[in-house]
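Novice: One structure is given below, represented as structure tokens, and several questions about it will come after.
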Amino acid sequence: MKICIVMGARKKGNTAQVVSCFTEALQERADVSFDYLYPADARPEHCVGCHNCIFTGEQHCPHHDTFRPMLQRLHEADAVILASPGYMFSVTGIMKTFLDHMAYLCHRPEFFGKKALVLSSCTRWQQKSVLTPMTTWAAGAGFTLAGKFFVEMPPLPLKEKELERTRRKIRKEAARFAAELQKPGKLKPVFADLMIFNAFRAFSRFAPGILKADYAYFQSLHAYDRNTRWYRPVKVSRIKSRLAGYLTGRIMKSLKKMVDPVKLQEPGVSPVNSLTDRS
Ligand SMILES: Cc1cc2nc3c(=O)[nH]c(=O)nc-3n(C[C@H](O)[C@H](O)[C@H](O)COP(=O)(O)O)c2cc1C
Numbered sequence: 016m017k018i019c020i021v022m023g024a025r026k027k028g029n030t031a032q033v034v035s036c037f038t039e040a041l042q043e044r045a046d047v048s049f050d051y052l053y054p055a056d057a058r059p060e061h062c063v064g065c066h067n068c069i070f071t072g073e074q075h076c077p078h079h080d081t082f083r084p085m086l087q088r089l090h091e092a093d094a095v096i097l098a099s100p101g102y103m104f105s106v107t108g109i110m111k112t113f114l115d116h117m118a119y120l121c122h123r124p125e126f127f128g129k130k131a132l133v134l135s136s137c138t139r140w141q142q143k144s145v146l147t148p149m150t151t152w153a154a155g156a157g158f159t160l161a162g163k164f165f166v167e168m169p170p171l172p173l174k175e176k177e178l179e180r181t182r183r184k185i186r187k188e189a190a191r192f193a194a195e196l197q198k199p200g201k202l203k204p205v206f207a208d209l210m211i212f213n214a215f216r217a218f219s220r221f222a223p224g225i226l227k228a229d230y231a232y233f234q235s236l237h238a239y240d241r242n243t244r245w246y247r248p249v250k251v252s253r254i255k256s257r258l259a260g261y262l263t264g265r266i267m268k269s270l271k272k273m274v275d276p277v278k279l280q281e282p283g284v285s286p287v288n289s290l291t292d293r294s
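Okay, so the sequence shown: first residue is 16 according to the numbering used here, each after it adds one.
Written out as structure tokens, the structure reads:
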């Protein structure tokens, strides 16, 4: 089993140490090989916010040539690990750049049936804000979240007792992930997944001329058919699906109050609203 490790960290820092300890322990428990993906090696540009990836397709991103090979490596892997230290109560800039360029996958998920694990070396105060961008992306892109953890790694020399405690925690997480990898990749959408499906389907039906790529994606899944409840034909609770549909209706109602229906139909409408030009 091949695991792609997206390293949003420097090559010889605390996070790299956590990843080494984790992969060593994982290899003792499962037949796995690793593909280390350092987005920094490709010297990527930051996302420029053009929305091309979301509106017309990722192939129209001005940085597509840089990110296409990374996407390919994610597809070639059986599972993915995202690793980032906590910098300023968030992921590192390079991990954020990676996630921004892959954000369209939350509109058009592609990784169903694959598992993901998210880890960080950060202080306890940062854990939520560091792990959330990575877990949100992984779940949104279709991965099954099979683990998330942080280890406290302040940039100070730790006592051996503390290091041993940290190693034990990492090995425990590796054992848990190894067990998760053995399980069949059965898709069981939770309520949040149903909400995401319903919301993006409704947005694309509301603005098909803008969300062109999303519209084509949902059409290809026959998702506008009344009976389609999720991206994949799996068992979905009718009650939960109805509730997600109802809440999406509420979201759409407030969105429709905000959006100009005439401008929405104009060709080449811009995602930028002018607050200063009244002409
Ligand atoms: C630029 C930068 C910002 C950081 N911001 C915080 C922070 O906001 N809060 C905190 O507790 N630690 C912060 N840290 C400490 C790191 O989270 C911690 O040392 C981590 O283990 C570093 O991992 P690395 O060696 O893989 O880069 C910061 C470190 C750096 C370099």
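In this text, a Cβ means the ideal position worked out from N, Cα and C, and glycines have one as well. For clarity, every value in this text was computed on a predicted model and none was experimentally measured.
Does the separation of the CB atoms of Ala40 and Val95 fall below 7 Å?
Specialist: By 1-based counting over the sequence shown, the position of residue 40 is 25. By 1-based counting over the sequence shown, the position of residue 95 is 80. Cβ distance not < 7 Å, so Ala40 and Val95 don't count as in contact.
Novice: Where do the N-terminal and C-terminal ends of the beta strand (DSSP E) with Thr159 fall, by residue?
Specialist: To locate residue 159, count along the sequence shown from 1; it is residue 144. Start and end: Thr159 to Val166.
Novice: In this structure, how does DSSP classify Asp46 when only helix, strand and coil are distinguished?
Specialist: Position 31 of the sequence shown, counted from the first residue, corresponds to residue 46. If DSSP states are grouped into helix, strand and coil, Asp46 belongs with coil.
Novice: With C-beta atoms as the reference, is Lys163 less than 7 Å away from Val205?
Specialist: For the purposes of this step, residue 163 is taken as residue 148 along the sequence shown, with counting starting at 1. For the purposes of this step, residue 205 is taken as residue 190 along the sequence shown, with counting starting at 1. Not in contact: Lys163 and Val205 (Cβ atoms no closer than 7 Å).
Novice: Straight-line CA distance for Leu89 to Arg244?
Specialist: Residue numbering aside, residue 89 sits at position 74 when the sequence shown is read from its first letter. Residue numbering aside, residue 244 sits at position 229 when the sequence shown is read from its first letter. Roughly 27 Å between the two C-alpha positions.
Novice: Given this structure, state the Cα-to-Cα distance separating Pro84 from Asp115, to the nearest angstrom.
Specialist: Counting from 1 along the sequence shown, the entry for residue 84 is found at position 69. Counting from 1 along the sequence shown, the entry for residue 115 is found at position 100. In a straight line, the C-alpha of Pro84 is about 16 Å away from that of Asp115.
Novice: Please find out if some non-hydrogen atom of ligand 1 comes closer than 6 Å to the beta-carbon of Ala55.
Specialist: Within the sequence shown, residue 55 is the residue found at index 40, counting from 1. Because no heavy atom of ligand 1 lies under 6 Å away, the Cβ of Ala55 does not count as near it: no.
Novice: Taking DSSP as the reference, what is the three-state secondary structure of Phe22?
Specialist: Stepping through the sequence shown from its first residue, residue 22 is reached at position 7. First, the amino acid is wrong: residue 22 is Met here, not Phe. The answer is strand: DSSP assigns Met22 an E or B state.
Novice: I believe Ser256 touches Leu202 by the beta-carbon criterion, under 8 Å. Please report the beta-carbon distance rounded to the nearest angstrom.
Specialist: Residue numbering aside, residue 256 sits at position 241 when the sequence shown is read from its first letter. Residue numbering aside, residue 202 sits at position 187 when the sequence shown is read from its first letter. Actually they are not in contact, since the Cβ atoms of Ser256 and Leu202 sit about 14 Å apart, beyond 8 Å.
Novice: His61: buried (16+ other C-beta within 10 angstroms of its C-beta) or exposed?
Specialist: Position 46 of the sequence shown, counted from the first residue, corresponds to residue 61. With fewer than 16 other Cβ atoms within 10 Å, it is exposed.
Novice: Using CA atoms only, rank isn't needed, just tell me which of Arg247, Ala228, Thr291 and Phe221 is closest to Asp298.
Specialist: Lying before the first or after the last residue shown, residue 298 is absent from the chain, which here runs from 16 to 294.
Novice: What do you reckon, are the CB atoms on Thr263 and Ala214 nearer than 7 Å?
Specialist: Translated into the one-based positions of the sequence shown, residue 263 becomes position 248. Translated into the one-based positions of the sequence shown, residue 214 becomes position 199. Yes, these two residues count as a Cβ contact at 7 Å.
Novice: Regarding Ala228 and ligand 1, is the C-beta to nearest heavy atom distance less than 6 Å?
Specialist: Within the sequence shown, the letter at position 213 stands for residue 228. Every heavy atom of ligand 1 is 6 Å or more from the Cβ of Ala228, so no.
Novice: In the DSSP assignment, find the beta strand (DSSP E) that holds Lys299 and state where it starts and stops.
Specialist: Because the chain in this structure spans residues 16 to 294, residue 299 falls outside the shown range and cannot be described.
Novice: Short of 6 Å in beta carbon distance, which residues of its chain neighbour Trp152, apart from the five on each side in sequence? Order them along the chain.
Specialist: The residue labelled residue 152 in the question sits at position 137 within the sequence shown. Excluding positions up to five away in sequence, the list reads Leu114.
Novice: Secondary structure at Ile295, three-state DSSP: helix, strand or coil?
Specialist: Outside the displayed range of the chain (16 to 294) lies residue 295, so it cannot be described from this structure.
Novice: Give me the residue from Gly28, Asp229 and Asp80 with the minimum Cα distance to Gly72.
Specialist: Locating residue 72 in the sequence shown gives position 57, counting from the first residue. Cα-wise, what sits closest to Gly72 is Asp229.
Novice: Starting from Val95, follow the beta strand (DSSP E) in both directions and report where the run begins and ends.
Specialist: Sequence index remark: in the sequence shown, residue 95 carries index 80 (1-based). Per DSSP, Val95 belongs to the beta strand (DSSP E) from Ala94 to Ala98.
Novice: Under the three-state reduction of DSSP, which class applies to Tyr53: helix, strand or coil?
Specialist: Translated into the one-based positions of the sequence shown, residue 53 becomes position 38. Correct three-state label for Tyr53: coil.
Novice: Short of 7 Å in beta carbon distance, which residues of its chain neighbour Pro139, apart from the five on each side in sequence? Order them along the chain.
Specialist: In the sequence shown, the residue the question calls residue 139 occupies position 124. The sequence given here has Arg at residue 139, not Pro. Excluding residues within five positions, the ones whose Cβ falls inside 7 Å are Glu167.
Novice: Excluding sequence positions up to five away, which residues of its chain have a Cβ less than 7 Å from the Cβ of Ala92?
Specialist: The residue labelled residue 92 in the question sits at position 77 within the sequence shown. Excluding positions up to five away in sequence, the list reads Lys17, Ile18, Cys19 and Asp50.
Novice: Taking all protein chains shown into account, do 16 or more other C-beta atoms lie within 10 angstroms of the C-beta of Ile211, making it buried, or fewer, making it exposed?
Specialist: As a first step, residue 211 is located in the sequence shown; it is residue number 196 there, counting from the start. Buried, since its Cβ has 16 or more Cβ neighbours within 10 Å.
Novice: Counting by C-beta, which residues lie closer than 7 Å to a heavy atom of ligand 1, in chain order?
Specialist: Listed by chain position, these are Ala24, Arg25, Gly28, Asn29, Thr30, Ala31, Pro100, Gly101, Tyr102, Met103, Phe104, Ser136, Cys137, Thr138, Trp140, Gln141, Met168, Pro169 and Pro170.
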